[in-house]
Structure formats: C-alpha cells, structure tokens
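Take a look at the structure below.
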Amino acid sequence: MSATLVLLLAATACNGGDDQAAAKPAPQPPPAGAAPGLDAFYKQQASWKGCGSGFQCGTVQVPLDYDKPNGDKLKLSLIRLPTENKSRRIGSLFTNPGGPGGSGVEFLRQAGRSFGQDVRERFDIIGFDPRGVGASDPIRCLDGPRLDRYFSADSSPDDQREVDAYAAESKAFSDACKTRAAARLPFVGTANAARDIDVLRAAVGDTKLSYFGASYGTYLGAHYAEQFPKNVRALVLDGAVDPRQSSTQILIEQAKGFETAFRAFAADCVKGVGCPLGTSVQGATDKVAALLKKADQTPLTNSRDSRKVTESWAATGIAAALYAKEGWPVLRQALTQAMQRGDGTLLISLADTMVERKPDGTYSNQAEANMAVNCVDKPNPPDVPSYEKSAQKATKDSPRFGPFVVWGGLPCVTWPVQTKEKPGALTAKGAAPILVIGTLRDPATPYKWAQSLSSQLDSGVLLTLDGDGHTAYLQSNPCITEATDHYLLTAQPPKPGTVCR
C-alpha cells in the first residue's frame, strides 16, 4: 500500500522547503547557557577533501568535556556525499547507522547511494563516526586474539563454575578498557554525542538539523531533540529504542525480539522443501535448541580458521542472519551444514559480520565502543547475581537468545565509570514533527519501542511496517520510502497511524 500524506502545519513546510537552498555556511552560535569557550567550536567550518568514489571527507573538533571546553579535544571524522543538484539544495542530511559503535563513515560509503534520487538531489548526505567510534578517537581495549577469546566464551552459563568463568572474562574486558581508555570513558555517552551533532550541524552551516538514525541512532536522535528541540527540522528515527527502559529491560526485550524474528524465519523455512528444521515451527525451535546445546558440549568445526564454533559463536551467527529477511536463505544453509555435518563455518562467518571481525583476525572497535556507550548511558545492575536473575527471566520468553543477550552486558558491572542518571522519557517539547518508524517483527528493536518513543515525543508521528527485519527505511519498501522521503524533503510527516506492507 502507499502511504497517505497530509500537511499538518503550514509552518512545518516553511521550516523544510527551499529556504535553505541558497544558504551559505556561516558561523553558528552555541546554545543558550552553554559553558564559556564553546564559541570556537561552533564557529568552525568543516573543510572537505575528495576521498574517492565521489565522497568528500573532513574532520571537526569537539570538546572532550562540554563543561570544560578549554580542556582536551576530540577530532570527529566525517564523510559527505554532495548533493547532485546544488541549485535545489535544502541542506545536509546527517545519518547514524546504530550500534552504539557503528561507523557512520563506513555506513555512508556502503549505503549512501541507497537513499532515493530526490533525497540525494536535495541534500548533502553526511555520515560521521561518533566520539570513541571508528576514526573519531576510538576506544580500544582488546586486540584480535583477546576479542576472539571473549566472543568464544560461554555466555550462556549453566552452573556456578561457568558463571564464574564468564564473569572473569567480562571483568578482563572492563579492566582492559580502564587501562587503555580511562580518561575518555566518562565522556563517550549518548548525551555528549548528541551535543557533538549540534556542533557538526553548525560546522556545515545548517540552521536546523535534518537527520536519519537507525536503531541506536534513534536514541541518539531523540537525545538531540531533547537537548535542542528548536534546532530540529526533520528527524527520522527508524527501529526505535525506548529511552524509558533500564539497561537490563532493553536486553530482555531484545531477546524477545530475536525470538519473534526466529519464529518468523522458522515459519517461512518449514513451508519450503528441504528445510533443515523439519515441518513445524515448534519442531524448528526444538532443533535449534538441540544444536546450541550440542555446540555447548562439543564445538562445531570451522574450516576458515583455528577458532572452534562454540555455542556463543553459533547463537551470534543465527542472530546476525535475522537482521534482514535477505539473510534467511543463508541461515538455512548454515543450519543445514551445522546439523547435518557439524560444520559451523558459515555460522561463524555470519557471526563475524555482526561483531565486525575481519578475515585477518582484527576487529573494528565496534565491540569496545558499544560497551563503552551502553555502560555509561544508564545505571547498571550491581553484581553478577543480578544479571543471573535477568538472564533467567529472559530465558522464559526467549529460550534460544535470552541468556546470550542478557549475559552479554555483564562487563558493565565492573565498568570503570558508572552513572546515577535514571532512564526517563524524552519529550523534545517544542520540536518540529519527528517521524518514528517501527517494524512489527524487528529482531533487535521491538515494535512496542517505536510505539513508546512516538508517544513520548510531543511531536512524534509513528509509521509502521508490517514486515520482518531490523529497521524499515532503505529496505526497498515503496510505501516506507515514499513516506520517509516526502517527510525529509518537506518536513511533513505521514498521517499518524499509517501502516505499510
């Protein structure tokens, strides 16, 4: 179906049409009440140089600590796909692919031209690595072999001995980050990253922000709107995260999301010929549970390298394939090899894509940045038994994924930096309409989070995809594309309650 589009406010169109087309980059003032010394950051102008394939790259400086802008600085890495029609340029469209820890620079290189022709003609599309990520003063804690060991560890412990072993592995992770990155860890959270976006907005000369954020990028975008509501032009928040959820609630709900997505995959698989999971959804879930239990006792083989495919690697590989429906055929093949031959090569290959492990055994810093941001954003459970209780709770609703997802947050218990700021609603009072997109069977960001975020935001408008996979925009659904592109170009959201199929 095609989306029904409505004009909500005449003033909205005035904020988002051609009024910025002729605007030239100009110094932007810092927000009211900002610490003295921020003017220099807001007066920056991003300088761009060609960096291949039509892209331009640049850097912008931000303060490590916004309360002490004259102190240490960070250098953020940016990439831009310039507008294809400068005479009709609206401004810049900032993007964030999620994570936390995902590289916006790499995302734009891979997906920049997936944005619609109209959007590319009207915007400079910009990706950036948030503080601590990728090429922006990255948080680094463990080398490749140590990360191999961490991801191989039993993150679904069955007894006290295994709990203690995983707790020790998790503490080694947090200790390594304390040793190698202690000075920056207090400042890598989402609130600071949102303040960085406002500096970047000013550095490219935009008076208001146009933004597309996926998954964690919705949390970042919502924080921006909360802090700078008057600077919002158009924000697309796709695959929403619920700001009101605690750290363990997020993990528990994510585990349920993966369970829902797996059952959707299983239902599709058992309808076909030669499905390795049998002929019923319940039988399929039982077979995968048996496979994971077998891998826990005797790891699967791996013809790519010396790593054994442990239960944790296998579960990660299955989860990775659930992020997009296009991954389902590969997952069928991987499960066939694992069940029939005990060969986990394809499963661990899928897992490597999720944790960003390269063929040479090195990793991006996605894992470290992800942990660093998550651990400082919200209060963490005080001890290992608290995580154990949460894992048990998650296992009831998500037998296949609950333990792995919840125990994966355990390094936060011993993280060097802890916050006392409790989760709460983000309302962004005074912001222009903000588009929130939710997918009914999203594995990583459950649909109810999109419902919650859109209702929290004073100007939130919910757009729904009745479909599968993680996030909706850039997935080639004509209805979602039409509604989202129209919003980005005009700042006019679709009619509330619009459902795409």
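Going by this note's numbering, the sequence shown runs without a break in its numbering and finishes at 510. All C-beta atoms, glycine included, are put in the ideal place defined by N, C-alpha and C. Predicted, not measured: the structure shown is a model, and the values here were computed from it.
CA nearest to the CA of residue i, picked from the options
i	options	result
Lys431	Gly476, Ser224, Thr257, Ile327	Thr257
Gly67	Phe137, Gln119, Gly107	Phe137
Leu244	Pro505, Val508, Leu497	Leu497
Pro452	Thr269, Ala437, Cys278	Thr269
Asn383	Asn79, Leu419, Thr310	Leu419
Gln349	Lys317, Ala378, Thr325, Leu309	Leu309
Cys284	Gln346, Cys488, Ser468	Gln346
Thr436	Leu462, Trp458, Gln291	Leu462
Tyr225	Ser468, Ala200, Ser101, Ile99	Ala200
Pro408	Ala177, Phe271, Lys387	Phe271
Ala343	Val297, Pro391, Pro72	Val297
Ala378	Lys402, Cys186, Pro487	Cys186
Ile135	Gly108, Val69, Arg97, Gly46	Val69
Val415	Ile261, Val318, Asp277	Ile261
Glu178	Leu194, Leu151, Pro195	Leu151
Tyr233	Gly248, Ile206, Ala223	Ile206
Val385	Trp424, Gly292, Asn374	Trp424
Phe274	Val282, Arg242, Arg253, Ala330	Ala330
Asn240	Thr454, Gly230, Arg155	Gly230
Gln511	Glu171, Pro338, Pro391, Lys334	The structure shown has nothing for residue 511, since the chain only spans 10 to 510.
Asp247	Pro502, Lys504, Thr480	Thr480
Glu539	Ala293, Gly353, Val339, Tyr332	Residue coverage of the chain in this structure runs from 10 to 510, which leaves residue 539 outside it and unanswerable.
Gly63	Ser145, Gln37, Asp74, Asp133	Asp133
Gly433	Ile148, Asp81, Glu235, Asn374	Glu235
Gly351	Val318, Trp337, Gln375	Val318
Inter-residue spacing [alpha-carbon to alpha-carbon] between residue i and residue j
i	j	result
Ala304	Ala381	30 Å
Ser315	Arg89	39 Å
Ala400	Asp251	20 Å
Met363	Gly153	15 Å
Glu130	Asp215	17 Å
Ala264	Tyr396	14 Å
Phe267	Ala440	33 Å
Asp157	Cys60	32 Å
Phe221	Val71	21 Å
Ala44	Gly478	43 Å
Ala30	Ile259	Unreliable positioning characterises Ala30 in this predicted model, as indicated by a pLDDT of 37, which lies under 50. A coordinate reading is not provided.
Gly514	Gln169	No answer is possible for residue 514: the residues shown for the chain start at 10 and end at 510.
Ala32	Ala49	Here the model assigns Ala32 a pLDDT of 43, short of 50, so the residue's position is not dependable, and the following value carries that caveat. Roughly 21 Å between the two C-alpha positions.
Ala333	Val282	21 Å
Ser112	Arg366	14 Å
Thr288	Ala323	22 Å
Asp361	Gly326	8 Å
Ala276	Leu73	49 Å
Helix, strand or coil at residue i [DSSP, three-state]
i	result
Ile357	helix
Thr92	coil
Cys284	coil
Leu498	helix
Gly121	helix
Ala511	Nothing in the structure corresponds to residue 511, since the chain is present only between 10 and 510.
Ser219	strand
Gly80	coil
Phe410	coil
Ser101	strand
Tyr372	strand
Arg341	helix
Cys23	Here Cys23 scores only 31 on pLDDT, less than 50, and its place in the model should not be relied on; the value that follows carries that caveat. It is helical.
Leu209	helix
Pro195	helix
Val422	helix
Thr269	helix
Pro452	coil
Val250	coil
Gln70	strand
Glu491	helix
Assumed close pair residue i, residue j - CB separation to whole angstroms, cut-off 8 Å
i	j	result
Val197	Gly141	4 Å
Lys429	Pro391	Rounded, the Cβ-Cβ distance is 12 Å, inconsistent with contact.
Pro78	Ala223	30 Å between Cβ atoms; not a contact.
Proximity test, residue i beta-carbon vs the ligand MG heavy atom, cut-off 7 Å
i	result
Gly469	With respect to the ligand MG, the structure offers nothing, as it holds no ligand at all.
Stretch-stretch touch, CB-based, cutoff 8 Å, three pairs: the region 189-202 with the region 91-98: In the pairwise beta carbon analysis, the region 189-202 is classified as not touching the region 91-98: fewer than three pairs are separated by under 8 Å.
Touching by the beta-carbon criterion (3+ pairs, under 8 Å), the region 157-177 and the region 103-118: No: the two stretches stay apart, fewer than three of their Cβ pairs being nearer than 8 Å.
At least 3 beta-carbon pairs within less than 8 Å: the region 41-58 vs the region 120-127: Output reads no: the region 120-127 does not touch the region 41-58.
contact_flag[the region 469-481, the region 438-449] where n(CB pairs < 8 Å) is 3 or more: Result yes; three or more Cβ-Cβ pairs closer than 8 Å.
Cβ pair count under 8 Å reaching 3, the region 311-331 against the region 351-358: Segments in contact, yes.
Stretch pair the region 97-112 + the region 206-213: three plus CB contacts closer than 8 Å: Output reads yes: the region 206-213 touches the region 97-112.
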